[in-house]
Amino acid sequence: MDFALSAQEEAFRKEVSDWLDTNMKEISQRRSRQDALAGERDPDELQEFTRWWHKKLYDAGFVGITWPKEYGGRGATLMEQVIFNQEMAKHRAPGGVGGLGTGWAGPTIMAAGTEEQKKRFLPKILSGEDVWCQAFSEPEAGSDLANCQTRAVEDGDDYIINGQKVWTTGGMRADWAILLAKTDFDSETPRHRTFSYFLMDMHSPGVTVRPLREITGAAAFGETFLDDVRIPKSLMVGDKNNGWYISMGTLEFERSNSSSAIQYLNTITNLIELAQKMEHHGQPLSKEPMTRQKIAQFYIEANVGKYIGLRALTRQLRGQTPGPESAVGSLLMMELSQRIDDFAMYLQGPYSQLVRGSKHAINNGAWVRSFLASRGRTLATGTSEIKRNIIAQRTLGLPRYTQ
Amino acid sequence: MNFELDEEQIMLKTAARDFLEKECPKKLVREMMEDEEGYSGELWKKIADLGWLGLTFPEEYDGVGSSFLDLVVLLEECGRALLPCPFMPTVVLTGHPILAAGTDEQKKYFLPQIAGGGMILSLALMEASGDFEASDIAVTATPSGDNFIINGMKLFVPNAHIADYLLCVTRTNDASNKEEGITLFLVDARTDGIQIEVLKTLTGEKLCEVVFNNVTVPAKNILGEPDRGWSIMKRVLVEAQVAECAWMVGGARWAMETSIEYAKMRIAFDRPIGSFQAIQHKLANMAVEVEGATSIMYYAAWTIMENDSDMALAASMAKSWCGETYKHATFDGIQIHGGMGYTWDHDMHLYLKRAKACEVTFGDSDYHREKVAQLLNI
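Protein sequences appear in the order of chains A and B.
Counted the way our numbering counts, the first sequence spans residues 1 to 403.
Counted the way our numbering counts, the second sequence spans residues 404 to 781.
See the structure below:
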């Protein structure tokens with residue numbers, strides 16, 4: 001057992017840290033503008049900022065750290081990627097262009113794509129020139145993803161796609177999508193063997209994205225309508241009817257929680273400041289036993305999540321299959337973030353009702369936005385109920401419920 | 404970056420589990436709950452022969468020279484087996500401070516005897532207040548020639564009734580800073596004026612009231628420096644908290660695994676109850692807590708091994724989390740077992756009772772959350 005970094009890893013950590021120290025200063029002015037924008041969600045300016053920042057990260061060699069050099073990556077170790085993520089979180093640095101490309105589409109293409117697909121797509125994913133989104137879920141296929149109905153029918157060198165996708169994050173601005181569509185229509189075939197995995201040009205004729213306004217009032221994702229959209233056969237990933245298994249590989253690509261733990265610890269620092277600022281009968285709330293108990297509990301949970309994540313990371317570094325740590329860690333953290341945001345609202349009492357732009361609003365309503373957004377954290381990437389089912393069935397070996 | 408047990412630690416764990424499954428069946432655990440002494444001398448000797456009692460002592464004191472991390476690996480298995488013996492009080496609560504602060508003479512006298520299984524020790528710390536801050540220490544030791552005279556009552560002293568020596572935490576000076584003026588004495592438990600009474604406990608564990616009535620102790624039996632004993636105790640408490648966590652993780656994991664097995668096997672409404680989400684989600688929550696407890700406990704043990712400055716914070720985080728984990732695992736363990744879990748015959752109640760006892764030993768979860776708040780300067 002050893003939590004220390006090797007000399008090489010420490011040198012890399014310092015390189016990242018120094019780079020961020022310099023460049024975060026440089027962007028602080030832009031960033032405060034971006035923060036202000038985040039509330040308004042002016043999508044154009046936000047995107048322009050994100051692309052600008054992505055390019056800086058890319059030019060410094062910090063995008064695709066573990067990707068092979070031949071596809072434009074750094075060819076470095078997973079540990080170095082983790083160190084980079086941790087430093088980004090420590091510096092509270094914003095992310096680059098859509099993690100969906102670098103986190104999901106890219107690794108899937110690398111694992112299952114053709115050489116031509118790799119050459120064509122991977123460099124532009126890294127450079128941020130291509131923005132990616134995911135078109136998996138449908139109105140009738142959320143937790144029960146295998147109920148997808150979108151159809152892909154062969155026609156010459158193409159497939160013709162018809163159907164509707166939903167919760168397409170960033171869909172309105174994406175250039176490309178990873179798409180799951182049915183290619184076997186025989187009702188006797190087990191549903192998991194009826195899907196194929198496609199790379200879809202979002203600018204193709206027949207693709208319409210309608211923004212979906214969410215609980216915060218902003219529209220981060222959309223509904224995607226596909227009407228006779230043509231996708232060349234060369235853009236199928238892997239074998240026909242094997243798409244389900246490829247997509248599961250994508251979904252199970254679980255990253256270590258050690259950097260998200262740092263983000264939560266940052267939020268807890270903000271929460272402590274809030275509790276010290278808010279007063280009740282002339283005394284800071286931070287001196288009230290109940291507040292102290294709650295905040296300490298959050299801090300403990302974030303650390304428990306951090307060390308669960310490091311156990312998962314150890315397995316990953318050794319190339320072992322994920323153990324029980326991965327799934328339990330992500331469940332703990334998604335629910336923790338909701339508890340933190342809810343408590344931050346509680347601390348503000350009646351002020352918690354004041355939103356951005358209101359007189360007397362605390363932190364200009366930032367906690368309200370964060371609280372509202374937090375309600376989605378037990379829904380996205382699998383609801384907390386589905387996560388519990390997965391832990392029970394796959395990790396603990398309990399039987400599935402069958403009729 | 405490497406957060407897992409090494410090969411030797413895994414071997415130690417496996418060997419300990421095999422040994423305890425054979426030598427410490429629940430039948431023995433139940434017998435010892437009723438037994439006056441509360442432990443098996445035969446088993447104690449075997450444990451000593453395996454090198455467990457001197458695991459963390461250097462070889463020159465007949466020890467094995469292993470780390471604190473190795474010790475918690477072992478304690479996790481002891482907790483799983485509910486091993487009834489004075490291991491913790493003898494090794495962690497007194498052996499370690501003797502090793503850390505004892506004179507050569509003291510170390511040479513006590514440590515080999517502990518390692519060989521020939522001597523049982525315990526820590527006389529808590530008093531009627533039931534707390535363990537320096538300000539709670541009211542038992543006095545007054546100088547008298549080459550001796551000190553101890554007066555007062557200690558409570559919740561584990562295994563004092565079978566102890567050869569007690570490490571007694573006394574107040575020798577009533578300074579305004581309560582952490583000053585504390586002196587530790589190694590007291591022969593058979594000295595005149597010591598009265599020991601075993602209390603009846605939830606677990607059958609032998610916690611004692613120890614009354615000191617003009618007990619004479621030679622000044623050479625002071626451990627560490629006069630009036631400066633609390634700095635030794637601070638370290639003892641951190642180690643004790645993490646050792647207790649290891650014990651709790653072992654028990655909680657037993658409760659979880661036993662409940663999973665039962666849920667797979669027990670049929671109701673024509674199917675295993677483990678296929679119902681109501682049961683699956685309880686067990687998934689248990690897995691989150693138990694995996695979390697394992698992770699934070701081992702991290703805390705690592706900080707102790709490395710003398711890391713975060714050790715008090717890590718110990719408090721671990722003790723707070725593990726205390727709740729063990730309790731929840733046995734509460735839900737009983738619930739999943741239904742009426743069977745409520746019976747005397749089933750072993751789950753042994754673990755539930757132990758969970759409640761562990762929870763309040765060296766500070767409950769609320770206590771440690773407040774400690775965390777203080778350490779974070781909230």
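C-beta atoms are modelled at their ideal positions from N, C-alpha and C, and glycine is treated no differently.
Is any beta-carbon of chain A found at less than 9 Å from that of residue i?
| i | result |
| --- | --- |
| B:Y702 | yes |
| B:D409 | yes |
| B:S712 | no |
| B:T697 | yes |
| B:L472 | yes |
| B:I739 | no |
| B:Q683 | yes |
| B:V775 | yes |
| B:F406 | yes |
What would DSSP say about residue i, mapped onto helix, strand or coil?
| i | result |
| --- | --- |
| B:G488 | Looking at the sequence provided, one finds Cys at residue 488 of chain B rather than Gly. The answer is coil: DSSP assigns B:C488 none of H, G, I, E or B. |
| A:V304 | helix |
| B:K609 | coil |
| A:V166 | strand |
| A:A76 | coil |
| A:W132 | strand |
| A:L126 | helix |
| A:L1 | Per the sequence presented here, residue 1 of chain A reads as Met, with Leu not at that position. Coil, per DSSP. |
| B:T706 | helix |
| B:N405 | strand |
| B:L502 | helix |
| A:Y401 | coil |
| A:Q348 | coil |
| A:A141 | strand |
| A:R369 | helix |
| B:A687 | helix |
| B:F559 | strand |
| A:P190 | coil |
| A:I65 | coil |
Can you tell me which residues form a DSSP beta bridge with residue i?
| i | result |
| --- | --- |
| A:L199 | A:I178 |
| B:P546 | B:F551 |
| B:T619 | B:I552 |
| A:G222 | A:T168, A:P211 |
| B:A527 | B:C571 |
| A:Y159 | A:E154, A:I231 |
| A:Q283 | A:H280 |
| B:Q598 | B:V614 |
| B:R593 | Its beta-bridge partners do not exist; DSSP assigns none. |
Which same chain residues end up closer than 8 Å to residue i when comparing Cβ atoms and leaving out the 5 residues on each side of it in sequence?
| i | result |
| --- | --- |
| A:R388 | L331 |
| A:H192 | A146, W244, Y245 |
| A:A392 | L398 |
Does residue i get closer than 9 Å to chain B when you measure Cβ to Cβ?
| i | result |
| --- | --- |
| A:L402 | First, the residue type needs correcting, since residue 402 of chain A is Thr and not Leu in the sequence shown. Interface residue, yes. |
| A:A76 | no |
| A:L274 | no |
| A:E254 | Since pLDDT at A:E254 reaches only 47, below the 50 mark, its modelled position is unreliable, and no value is offered. |
| A:V82 | yes |
| A:Y159 | no |
| A:S286 | yes |
| A:G171 | no |
| A:D2 | yes |
| A:K55 | no |
| A:N266 | no |
CB-CB under 6 Å to residue i, same chain, minus the five flanking residues each way: which ones, in chain order?
| i | result |
| --- | --- |
| B:G420 | Before going on, a small fix: residue 420 of chain B reads as Arg here, not Gly. Excluding sequence neighbours, B:R420 sits near E480. |
| B:D534 | none |
| A:L411 | Only positions 1 to 403 of chain A appear in the structure, and residue 411 of chain A is not among them; the question remains open. |
Ignore the nearest five residues each way along the sequence and tell me which others in residue i's own chain have a CB closer than 7 Å to its CB.
| i | result |
| --- | --- |
| B:T545 | F551, I552 |
- Message: Taking 8 Å as the cut-off, does the segment 549-556 of chain B touch the segment 605-619 of chain B (at least 3 CB pairs, one atom from each stretch)?
- Response: yes
- Query: Does the pairing of the segment 85-93 of chain A with the segment 136-145 of chain A give three or more beta-carbon distances under 8 Å?
  - Reply: no
- Message: Counting beta carbon pairs with one atom in the segment 477-484 of chain B and one in the segment 642-655 of chain B, are three or more of them shorter than 8 Å?
- Response: yes
- Are at least three pairs of beta-carbons, each pair with one atom in the segment 355-367 of chain A and one in the segment 421-431 of chain B, less than 8 Å apart? no
- Is the segment 332-348 of chain A touching the segment 701-720 of chain B in the sense that three or more CB pairs, one from each, lie closer than 8 Å? no
- Could you say if the segment 589-602 of chain B and the segment 739-756 of chain B meet the contact criterion of at least three C-beta pairs nearer than 8 Å? no
- Message: Would the segment 94-106 of chain A count as touching the segment 216-235 of chain A if we require 3 or more Cβ pairs under 8 Å?
- Response: no
- Pair every Cβ in the segment 458-468 of chain B with every Cβ in the segment 509-527 of chain B, then say whether three or more of these pairs are closer than 8 Å. yes
- Message: With three or more beta-carbon pairs closer than 8 Å as the criterion, would you say the segment 181-189 of chain A touches the segment 100-120 of chain A?
- Response: no
- Are there three or more Cβ pairs, one per stretch, closer than 8 Å when the segment 669-681 of chain B is compared with the segment 262-270 of chain A? no
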